[in-house]
Amino acid sequence: MKSPAKAILFGEHAVVYGYRAISMAINLYSYVNIKESNDITLYLHNLNKSLTINLEELKTINPLKFGDFKYSLMAIKKVYEYLDINNGIFTEISSQIPVSCGLGSSASITLSLIRGISNFFGYSLTDDEIAELGYQVEKEVQGKASRTDTATITYKGTLEIKKNKMKKINNDLLKSCKFLVVFVENRKKGTSEIIKDVAKCKDKDIIFKEIDALIDEFYNIDDKRILGNLMYRNHLLLKKLNISTPKIDKIVEIGNIYGYGAKLTGAGGGGCVLILVDESREKELINRLINENVKIFDCKVVY
Ligand code: PMV
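Using numbering that gives the first Met the number 0, count along the sequence shown one by one with no gaps and you end on 302.
So, in structure tokens, the structure goes:
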């Protein structure tokens, strides 16, 4: 079983204040491989760490006390409770999604586990049930969660999010777009801390209205050049919120010169830049990025 990652195309932070955001599922994946077992064993391939508990322990443990395993254990616990499963599993979890940088790596693993385990035991849960279970896992682990990651990764494609209401959108322009997700630097702060910093910005409402207006424009275009420009304008507005960094800005400028446009994606304070690729200049773009010591991932929206 595999699940994609997510990237926000427009509207991060504005969405926290009830404005719209557009998110998309992208082709970076987490994977789970499940086999029969007497106990519950989780093997985290990327970290080369494993944990075994028995079925009785699963009922009573607090997954939050299990560090790197907390999302996976919570996902297993939730799906086991929901489906009343009484058999063990050995599950190997691996991921190509960079962590803690706004691409939904934990949500992706959570959803791979929920889908993988339910399929393994012969259940076919609906996407709505899966998205809800995924959201419950994130909420229990994080205390507070938005539905953006779990919904985007469950339903795939492109979603408009407003006040935690999701609407799938069908955008032909995006189907033909190639993006680069560029991991620029680790974030120095977590999402909730950055949200608190944004709350102190006195111009935030004007900025959010301008970001929301970009989404109206987005719905009325069919040209990658204009889409890239809208992304760049969104970035400049995020910069006004003080959530960009010099290194992020530098990569965005490169994306803007050698691609159709670029912006930071996610909460900010570091993390990733999303670049809309101009295929006629892709080599130049990549050569330019390689000099910056960043990690580059080729991405498309997945449906
Ligand atoms: O995916 P993150 O954790 O980088 O958060 C990005 C989106 C925010 O708007 C900042 C928060 C949210 O929950 O919508």
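Here a beta-carbon is modelled for each residue, glycine too, at the ideal position from N, C-alpha and C.
Using 8 Å for Cβ pairs, my map puts residue i next to residue j. What's the rounded Cβ distance?
i: Val183; j: Gly101; result: The Cβ separation is near 11 Å, so there is no contact.
i: Leu275; j: Lys223; result: 6 Å
i: Ile84; j: Ser29; result: About 21 Å; that fails the 8 Å criterion.
i: Lys31; j: Thr90; result: According to the sequence displayed, residue 31 carries Val and not Lys. Between Thr90 and Val31 the Cβ distance is about 6 Å, and since that is below 8 Å, they are a contact.
Where does residue i fall in DSSP's three states?
i: Asn26; result: strand
i: Thr109; result: helix
i: Asp248; result: helix
i: Asp62; result: A small correction: the amino acid at residue 62 is Pro; Asp does not occupy that position in the sequence shown. Helix, per DSSP.
i: Asp67; result: helix
i: Tyr16; result: helix
i: Lys174; result: helix
i: Lys34; result: strand
i: Tyr42; result: strand
i: Glu291; result: coil
i: Gly260; result: strand
To the nearest angstrom, how far is the alpha carbon of residue i from that of residue j?
i: Asp196; j: Leu240; result: 9 Å
i: Gly156; j: Arg280; result: 26 Å
i: Val15; j: Leu158; result: 16 Å
i: Glu33; j: Val136; result: Checking the sequence shown, residue 33 turns out to be Ile, not Glu. Roughly 19 Å separates the two Cα atoms.
i: Val293; j: Asn286; result: 11 Å
i: Asp211; j: Glu55; result: 49 Å
i: Glu192; j: Val301; result: 30 Å
i: Lys283; j: Tyr257; result: Lys is not the amino acid found at residue 283; the sequence shown has Glu there. Approximately 7 Å, taken between the alpha carbons.
i: Gly10; j: Arg19; result: 6 Å
i: Leu226; j: Leu213; result: 10 Å
i: Val78; j: Ser117; result: 7 Å
i: Ser175; j: Thr149; result: 24 Å
i: Lys262; j: Lys177; result: 14 Å
i: Thr151; j: Met23; result: 6 Å
i: Lys76; j: Val272; result: 34 Å
i: Pro245; j: Leu235; result: 13 Å
i: Leu82; j: Val251; result: 45 Å
i: Thr147; j: Ser105; result: 13 Å
Quick test of the definition: if touching needs 3 or more C-beta pairs under 8 Å, does the segment 186-202 touch the segment 27-44?
no
Pairs of beta-carbons, one from the segment 5-21 and one from the segment 64-73, closer than 8 Å: are there three or more?
no
Residues around ligand 1, please: the ones whose beta-carbon is closer than 7 Å to some heavy atom of it, in chain order.
Ile7, Glu11, His12, Val14, Val15, Ala20, Gly101, Gly103, Ser145, Thr147, Asp148, Thr190, Ile193, Ile194, Gly265, Ala266 and Gly270
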